[in-house]
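So the sequence shown is numbered by our numbering: it starts at 877 and just counts up by one.
The C-beta atom is built at its ideal place from N, Cα and C for all residues, glycine as well.
Taking it in order: structure first as structure tokens, then the write-up.
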Amino acid sequence: MKGNNSRRSHITIFKSLDELLSLQKTLYKLSNKISREELKKEFRGLYSKIGSPSKPVELMVSLLPLKQPYNLGDETVVSAWVHNPCWQYFSGFRPFQWKFPIERTDLVHFRK
877 MKGNNSRRSH ITIFKSLDEL LSLQKTLYKL SNKISREELK KEFRGLYSKI GSPSKPVELM
937 VSLLPLKQPY NLGDETVVSA WVHNPCWQYF SGFRPFQWKF PIERTDLVHF RK
């Protein structure tokens with residue numbers, strides 16, 4: 877017996893996070909009020925123009941408020957971020973990410 881092979885169920889995994897997340901989620905609402913361009917302008921002067929490319933400022937800045945309410949360490953926030961679409965959306969990512977785009981040690985360097 878074959879199951880229902882509806883294409884609809886296969887397509888939803890390729891949708892953007894803003895199409896999948898609930899509009900009622902606090903982080904979703906807050907993320908839509910943050911100006912990514914303002915963040916980039918504010919932190920631009922702190923980034924070096926030489927050396928390897930910098931990590932996305934909106935990601936680095938977003939991880940700090942995600943850590944604090946739950947009293948999480950760097951390694952824990954990295955692990956949780958990969959599994960939490962709301963956190964990814966809050967960090968400026970729209971397609972779901974299956975792996976973390978930075979190393980946990982990058983958070984230490986960013987805070988300095």
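Original post:
For residue 939, does the count of other Cβ atoms within 10 angstroms reach 16, so buried, or fall short, so exposed?
Top reply: Along the sequence shown, one-based indexing puts residue 939 at 63. The residue in question, residue 939, is buried, as its Cβ has 16 or more Cβ neighbours within 10 Å.
Subject >> Per-residue burial, residue 911 [other beta carbons within 10 Å of its own, 16 or more giving buried] >> reply: Taking the first residue of the sequence shown as position 1, residue 911 is located at position 35. So residue 911 counts as exposed.
**OP:** Pull up the distance between the alpha-carbon of residue 969 and that of residue 959, whole angstroms please.
**Re:** Taking the sequence shown and counting its residues from 1, one reaches residue 969 at position 93. Taking the sequence shown and counting its residues from 1, one reaches residue 959 at position 83. Going by the C-alpha atoms only, they are around 13 Å apart.
**OP:** Tell me, to the nearest whole angstrom, how far the beta carbon of residue 980 is from that of residue 951; I am working on the premise that it is less than 8 Å.
**Re:** As a working mapping, residue 980 is identified with position 104 in the sequence shown. As a working mapping, residue 951 is identified with position 75 in the sequence shown. A Cβ-Cβ separation of about 5 Å places residue 980 in contact with residue 951 under the 8 Å criterion.
Original post:
What's the C-alpha gap between residue 990 and residue 907?
Top reply: Because residue 990 is not part of the residues shown, which for the chain are 877 to 988, the question remains open.
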